[in-house]
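One structure below.
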Amino acid sequence: MKWITRFCWIFVGVLFIFSGLIKINDPAGTAIKLEEYFEVFGHDFGSFFLSFRPLSLYLAIFLNVLEIALGVALLMRWHLKTVLNALLALIVFFTFLTFYSAYFNKVTDCGCFGDAIKLTPWESFTKDIVLLVMIVILIATKRYIPAQRNYRMAGIVTGIATAFSFLVGMYAILHEPILDFRAYKVGNNIPALMKPSEPLRYKYIMEKNGQEKEFEVYPTDTTWVYKEMVPLNPEAGPKITDFSVWNDEGTFTDEVFTGNKLLILVHTVEKTDKSAFAEINKLVEELQGAPLQIWALTSSGGQQFDVFRHEQNLAVPFYFTDATVLKTMMRSNPGIMLLKNGTVVGKWSRNDVPTAEEVKSKL
1 MKWITRFCWI FVGVLFIFSG LIKINDPAGT AIKLEEYFEV FGHDFGSFFL
51 SFRPLSLYLA IFLNVLEIAL GVALLMRWHL KTVLNALLAL IVFFTFLTFY
101 SAYFNKVTDC GCFGDAIKLT PWESFTKDIV LLVMIVILIA TKRYIPAQRN
151 YRMAGIVTGI ATAFSFLVGM YAILHEPILD FRAYKVGNNI PALMKPSEPL
201 RYKYIMEKNG QEKEFEVYPT DTTWVYKEMV PLNPEAGPKI TDFSVWNDEG
251 TFTDEVFTGN KLLILVHTVE KTDKSAFAEI NKLVEELQGA PLQIWALTSS
301 GGQQFDVFRH EQNLAVPFYF TDATVLKTMM RSNPGIMLLK NGTVVGKWSR
351 NDVPTAEEVK SKL
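Note that the UniProt record's numbering numbers the sequence shown so that position 210 is 210, with each residue one more than the last.
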């Protein structure tokens with residue numbers, strides 16, 4: 001039993017640290033997931049939960065830092081009883097969320113490991129059940145965990161880890177994630193990721209006389225009743241499925257991937273950082289005559305954005321893109337993305353507006 005306990009001790013601690021580090025690298029991504037949960041709970045249980053939406057980013061930072069701090073404290077055996085009880089409460093909370101997502105098919109990606117590792121709702125729930133069992137084992141057999149002989153040093157290490165994770169989160173908010181796991185990271189070709197990497201193959205779930213059977217070729221026997229179609233190689237599917245650019249004149253998605261495009265991304269005009277547009281306008285002016293086109297992409301309404309760009313003196317044409325896509329492309333609002341024939345060659349947050357020379361050097 002001692003070795004089972006020690007395995008659970010190390011496994012739980014390392015996994016909580018890993019999960020927390022992946023997410024604190026991109027707290028805005030965690031905040032987006034929390035907003036999804038608040039919207040679902042607001043719809044299912046009452047509008048009270050919608051009042052938490054403005055707090056999503058703060059809660060994301062708190063939960064991500066807490067995961068890291070508890071993981072480090074567990075490995076350091078610092079205030080072990082308190083830490084184990086806190087881990088139990090946290091994993092019960094996560095297990096409820098993942099079960100609710102899986103059973104009712106509400107949030108199809110819990111974001112347990114951010115954009116780095118995608119889990120289905122049932123995979124996330126299974127992972128949480130395993131962690132829950134391990135934490136219960138640790139609580140019941142904590143006497144087998146090696147004793148901590150230097151509480152002061154354990155507390156210092158836990159404090160340093162907590163402060164470090166908080167600073168990483170703040171950096172990611174003010175700039176962009178240090179490690180970019182999204183499909184729109186620098187070096188990726190967007191149009192290529194909008195296509196399957198290989199032909200998709202499917203199996204067909206059919207039913208006859210109360211019996212289910214799988215077919216890789218659709219049966220010609222019409223007595224079989226179709227139930228569902230399941231991909232056999234889902235990993236080959238497009239990594240980007242919802243990117244589109246349009247305005248009142250039509251669709252301009254293909255034009256975005258032609259030549260050099262500097263995209264100024266404004267999620268919504270209500271939440272954008274208006275103080276950044278002085279530098280952005282300076283950049284636009286300095287790039288006049290450069291071999292590139294400058295577009296603004298937004299999810300705000302046309303009339304609303306037209307008023308906004310005149311207020312900010314943003315003299316560029318604007319187009320529309322889905323709000324979720326914009327948040328995935330750039331966490332910063334506004335943000336700047338440089339495309340060269342559809343390949344992302346540069347990304348800058350509102351606090352890192354580049355010089356014209358920086359932009360030209362990437363063309």
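Idealized CB from N, CA, C, for every residue including glycine.
Distances from the CA of tyrosine 204 to each of Gln211, Met329 and Glu216 were compared; the closest alpha carbon is that of Glu216. Taking asparagine 189 as the centre and dropping the five residues before and after it, the same chain places the C-beta of Gly342 and Thr343 closer than 6 Å to its C-beta, in chain order. Between threonine 328 and the set Leu90, Lys185 and Leu262, the nearest pair of CA atoms involves Lys185.
Sequence-distant Cβ neighbours of serine 56 in its own chain, meaning closer than 6 Å and more than five residues away, are Ala31, Leu34 and Glu35. With a cutoff of 8 Å on beta-carbon distance, serine 299 and histidine 175 are scored as not near each other. Taking C-alpha positions only, valine 269 is separated from glutamine 303 by approximately 11 Å.
Here isoleucine 336 is not near leucine 287, since their CB atoms are 8 Å or more apart. Residue environment: leucine 21 is assigned as buried (16 or more neighbouring CB atoms within 10 Å of its CB, all protein chains considered). The criterion of a C-beta distance shorter than 8 Å is not satisfied by proline 231 and methionine 194.
Under the DSSP assignment, tyrosine 204 falls in the beta strand (DSSP E) whose first and last residues are 202–208.
Close CB contacts of leucine 74 within its chain, under the 6 Å cut and outside five residues either way in sequence, are with Gly13 and Val83 (chain order).
Within the same chain, no residue comes within 7 Å of valine 130 by CB-CB distance, once the 5 residues on both sides are set aside. Across the set Phe52, Met153, Lys106 and Val65, the C-alpha of Met153 shows the shortest separation from the C-alpha of methionine 76. Shown here, isoleucine 294 sits in a strand according to DSSP, grouped into three states. Tyrosine 58 has its alpha-carbon roughly 30 Å from the corresponding atom of isoleucine 139.
For leucine 314, the secondary structure class from DSSP, reduced to helix, strand or coil, is coil.
For the set Glu249, Val245 and Ser19, the Cα lying nearest the Cα of leucine 70 is the one of Ser19. Between the C-alpha atoms of arginine 6 and leucine 297 there is a straight-line separation of about 52 Å. Less than 8 Å divides the Cβ of serine 165 from the Cβ of isoleucine 68. Between the C-alpha atoms of threonine 126 and threonine 120 there is a straight-line separation of about 10 Å. Threonine 158 sits buried, since 16 or more C-beta atoms from the chains shown fall within 10 Å of its C-beta. When only Cα atoms are considered, glutamate 228 and glutamate 39 end up about 28 Å apart.
Assignment of beta strand (DSSP E) within the UniProt domain "Methylamine utilisation protein MauE" (1–140), counting only whole runs of 3 or more residues, yields no such run. Assignment of beta-bridge partners to asparagine 281 by DSSP yields no partner. Counting only unbroken stretches of 4 or more residues, the alpha helix (DSSP H) elements lying wholly within the segment 322–358 are 323–329, in sequence order. Straight across, the Cα-Cα distance linking alanine 147 with histidine 79 is about 11 Å.
Residue pairing from DSSP places tryptophan 246 in a beta bridge opposite Thr251 and Phe320.
Excluding sequence positions up to five before and after leucine 292, its CB lies within less than 6 Å of the CB of Asn260 and Leu262, all in the same chain and listed in chain order. Here serine 361 is exposed. Its C-beta has fewer than 16 other C-beta atoms within 10 Å. Per DSSP, methionine 170 has no beta bridge partner at all. The beta carbon of glutamate 198 sits closer than 8 Å to the beta carbons of Asn233 and Ala236 from its chain, once the five residues preceding and following it are set aside; these are given in chain order.
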